[in-house]
Amino acid sequence: MRGSIGSMLLDRLRHLGVSRIYGVPGDYNLEFLELIERTPGIEFIGTCNELNAAYAADGDARLAGIGAVLVTYGVGDLSCLSAVAGASAEGVPLVVISGMPPWHAIQSRALVHHTLADGNYDNVLNCYRQFTVACARLNPATAVAETDRVLQAVQALRRPVYIQFPSDICYVAVDVPPPPTVAAVSDPVLLARAAEQVVRRISQARKPVVLVDAMVRQYGLRERVQALCTTFGIPYAALSTARTLLPESGPEWLGPYGGAASAPAVADYVQAADCVIALGVRFVDSTSGYFSQQIAPGAMVDVQPFSLTCNGENIQGITAADLLDSVHQRLASVRTARPGRIAAPVASVTPAPQDEGWAQAPFWRRVEAFLQPDDVVVADNGSSMTAMLHAQLPAGCSLLVQPVWAAIGYSLPASLGACLARPERRHVLFIGDGSFQMTVQELSTLLRHEANITIFLINNGGYTIERMILGPQSAYNDIANWRYADLPQAFGPDRAPRAWKVTGMDELETALDQAAAQKGVNFIEVLFTPMDAPAGMAKMGAAVRRYDYGIDLPDQT
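Residue 106 is where the sequence shown starts when you use my numbering, and the numbers rise one by one after that.
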């Protein structure tokens with residue numbers, strides 16, 4: 106079949122499940138944008154800048170499976186690169202398309218705008234090679250083969266890929282075969298050996314546990330892991346990168362795990378486990394209580410996307426999905442369920458003082474009750490993420506956080522992508538004032554698309570997370586104090602936005618009651634003192650001080 110290169114690329118993207126492309130128009134991608142507007146089943150979502158576009162695609166991909174971004178060459182590429190690197194660190198599949206100068210300019214090394222005016226057209230490509238699993242520059246001779254190669258990589262490796270699309274080839278006609286089928290297949294002999302090892306370890310274990318990391322979302326393994334744990338009574342715990350991927354209730358749910366930052370009952374159980382089935386686990390500082398995880402020697406059964414390390418042997422040539430299926434089948438043939446399922450540890454709850462007054466502690470308790478089953482909850486790095494990682498979320502909630510790349514400002518544009526990916530669900534965003542100032546522009550896009558979201562803006566006059574580490578009174582942790590509650594009206598004057606400024610519990614109750622009763626964008630600014638923070642932040646700050654600066658400094662609070 107014959108077709109244009111541009112249509113071929115869009116058809117391939119739709120075949121992968123892409124229905125939205127986020128980005129910013131530029132003179133090198135306009136013809137491709139014209140084609141998108143005429144192509145059913147795929148929509149362009151304009152954002153205020155390219156960084157936010159990639160964050161939005163990241164949020165979309167976490168709920169829909171894959172995201173896509175369209176930028177223009179050079180300035181657009183490098184603007185969104187930090188977000189692409191974040192998607193790579195967190196295991197989020199994105200397709201980044203860059204409209205670049207025409208082929209004749211590339212071949213003649215023309216000195217054009219959006220370049221360094223030195224004739225070099227490889228420098229941006231080389232930047233992206235560091236943060237993606239595949240890159241390509243399309244040309245008519247190999248456009249189909251290169252597109253398929255790159256898109257096979259994003260399907261198999263579930264991390265970002267990058268395509269440079271010269272401006273003058275969009276309508277060049279080429280032969281377009283059907284899209285190739287991509288399915289990683291395990292070596293049956295190696296798979297059998299790997300499954301046998303895992304089954305033996307589980308069968309012999311007195312106290313097994315499953316640790317869940319982002320790989321479970323990345324490769325769509327939720328149902329397999331849940332079936333394994335519930336059928337055979339194996340307790341599971343989730344790192345911060347994997348919260349809400351599996352049900353956070355029932356006898357198998359232990360709780361969140363982060364080394365010494367875990368609840369004592371969870372930390373003790375994992376430390377005492379003699380079989381720790383680690384699903385894609387990476388003990389990053391921010392997910393392990395600054396490397397305070399304690400795993401018994403020899404207990405780790407390390408399952409990665411395409412390998413198993415167990416009993417000192419590393420087995421390649423298998424997939425985690427096939428391994429989980431095979432382990433389940435083999436266990437089912439030798440046992441029906443693990444006897445004596447444990448009861449999940451119950452966290453002790455300290456009663457709130459009657460005269461507690463206005464502070465973050467009662468605020469977070471109240472908004473935790475505001476959350477409803479099936480909400481999508483997004484929390485930015487800092488106070489918001491700390492609070493939500495310690496919250497008990499209702500059944501069916503999805504928690505979107507970015508603890509590994511940990512870029513402040515990620516959550517607002519990521520919420521845009523999440524809202525468009527799942528418009529039928531209610532979305533709730535928690536973001537600090539410092540993070541909000543990084544990517545505030547996308548509030549206008551949320552209003553433009555009439556997103557169903559309640560935004561809590563935590564205004565404590567600067568970078569509280571940094572104050573907890575160093576400089577509680579230092580000027581470098583201060584920021585300008587905006588009139589935040591006025592911004593929805595400024596950004597969406599035709600959308601009748603609703604905003605509240607909250608300085609006490611009575612005002613909070615009024616705002617929550619009204620926000621719960623109406624769909625659309627609700628904006629609630631809540632004011633606190635600079636060092637008021639959720640439980641756990643001071644302890645985290647001390648851990649960061651020790652790790653980053655090598656000594657114990659005085660408590661910053």
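Ideal Cβ placement from N, Cα and C applies to all residues, glycine included.
If you follow the alpha helix (DSSP H) that residue i is part of, which residue opens it and which one closes it?
i, result
"proline 369", "369-377"
"tyrosine 654", "642-654"
"phenylalanine 541", "538-544"
"proline 293", "293-309"
"valine 472", "465-475"
"threonine 336", "327-337"
"glycine 151", "Segment 148-151 is the beta strand (DSSP E) holding glycine 151; no alpha helix (DSSP H) there."
"leucine 551", "547-553"
"proline 478", "Careful: proline 478 lies outside any alpha helix (DSSP H) and carries neither H nor E."
Around the C-beta of residue i, are 16 or more other C-beta atoms found within 10 angstroms, so that it is buried, or is it exposed?
i, result
"tyrosine 573", "Rather than tyrosine, the amino acid found at residue 573 in this sequence is methionine. Looking at its Cβ environment, which holds 16 or more other Cβ atoms inside 10 Å, methionine 573 is buried."
"phenylalanine 541", "buried"
"alanine 585", "exposed"
"glycine 646", "buried"
"glycine 514", "buried"
"tyrosine 654", "exposed"
"proline 271", "buried"
"arginine 242", "buried"
"tyrosine 324", "buried"
"valine 214", "According to the sequence displayed, residue 214 carries arginine and not valine. Exposed, because fewer than 16 other Cβ atoms sit within 10 Å of the Cβ of arginine 214."
"aspartate 599", "exposed"
"glycine 172", "buried"
"aspartate 618", "exposed"
"glutamine 212", "exposed"
"proline 444", "Interpretation of proline 444 is limited by its pLDDT of 46, a score under 50 that renders its predicted location unreliable; the figure taken from the coordinates is listed afterwards. It is exposed - the Cβ of proline 444 has fewer than 16 other Cβ atoms within 10 Å."
"glutamine 302", "buried"
"aspartate 538", "buried"
"asparagine 134", "buried"
Residue i and residue j: beta carbons closer than 8 Å?
i, j, result
"aspartate 583", "glycine 609", "no"
"alanine 512", "glycine 191", "yes"
"cysteine 275", "glutamate 136", "yes"
"valine 330", "leucine 384", "yes"
"aspartate 165", "arginine 125", "yes"
"valine 66", "histidine 219", "With the chain covering only 106 through 662, there is no way to say anything about residue 66."
"leucine 505", "alanine 519", "yes"
"alanine 590", "lysine 606", "yes"
"serine 431", "leucine 296", "yes"
"asparagine 564", "arginine 531", "no"
"valine 238", "leucine 183", "no"
"leucine 592", "glutamate 547", "no"
"proline 361", "serine 354", "no"
"valine 381", "valine 406", "yes"
"isoleucine 339", "valine 371", "no"
"tryptophan 510", "alanine 310", "no"
Starting from residue i, trace the beta strand (DSSP E) both ways and give me its first and last residue.
i, result
"threonine 676", "Given a span of 106 to 662 for the chain in the structure shown, any question on residue 676 remains unanswerable."
"arginine 125", "125-128"
"serine 109", "107-109"
"valine 321", "Segment 320-323 is the alpha helix (DSSP H) holding valine 321; no beta strand (DSSP E) there."
"serine 503", "503-505"
"aspartate 570", "For the sequence presented, residue 570 should be read as isoleucine rather than aspartate. Here isoleucine 570 belongs to no beta strand (DSSP E); instead the alpha helix (DSSP H) covers 569-572."
"threonine 491", "Note, threonine 491: premise wrong, no beta strand (DSSP E); alpha helix (DSSP H) at 488-494."
"phenylalanine 396", "No beta strand (DSSP E) contains phenylalanine 396, which DSSP labels as neither H nor E."
"cysteine 380", "380-384"
"alanine 342", "341-343"
Using the C-alpha atoms, what's the distance from residue j back to residue i?
i, j, result
"arginine 348", "alanine 158", "24 Å"
"leucine 121", "aspartate 253", "11 Å"
"arginine 305", "arginine 298", "11 Å"
"isoleucine 656", "alanine 648", "10 Å"
"histidine 433", "isoleucine 560", "42 Å"
"glutamate 80", "alanine 188", "Since the displayed the chain opens at 106 and closes at 662, residue 80 lies outside it and no answer follows."
"serine 397", "alanine 342", "16 Å"
"proline 456", "glutamine 465", "In this prediction, proline 456 has a pLDDT of 47, which is less than 50 and means its spatial position is unreliable; what the coordinates show is noted afterwards. Cα to Cα, the separation comes out at about 15 Å."
"glutamate 630", "leucine 521", "19 Å"
"lysine 644", "leucine 333", "35 Å"
"valine 451", "tyrosine 160", "Here valine 451 scores only 42 on pLDDT, less than 50, and its place in the model should not be relied on; the value that follows carries that caveat. One C-alpha to the other measures close to 36 Å."
"leucine 494", "arginine 322", "17 Å"
"valine 626", "arginine 603", "7 Å"
"alanine 580", "methionine 543", "18 Å"
"tryptophan 469", "proline 639", "8 Å"
"isoleucine 423", "alanine 210", "45 Å"
"valine 174", "proline 313", "42 Å"
"threonine 335", "valine 255", "37 Å"
"valine 472", "glutamate 139", "44 Å"
>> Restricting to runs no shorter than 3 residues, where is the beta strand (DSSP E) found entirely within the stretch 153-198?
In response: 172-177
> Enumerated in chain order, which unbroken segments of the beta strand (DSSP E) with a length of 3 residues or greater are wholly contained in the stretch 186-257?
Replying inline: 199-205 and 240-242
>> List, from N- to C-terminal side, the beta strand (DSSP E) runs of 3 residues or more that fit wholly inside the stretch 581-616.
In response: 603-607
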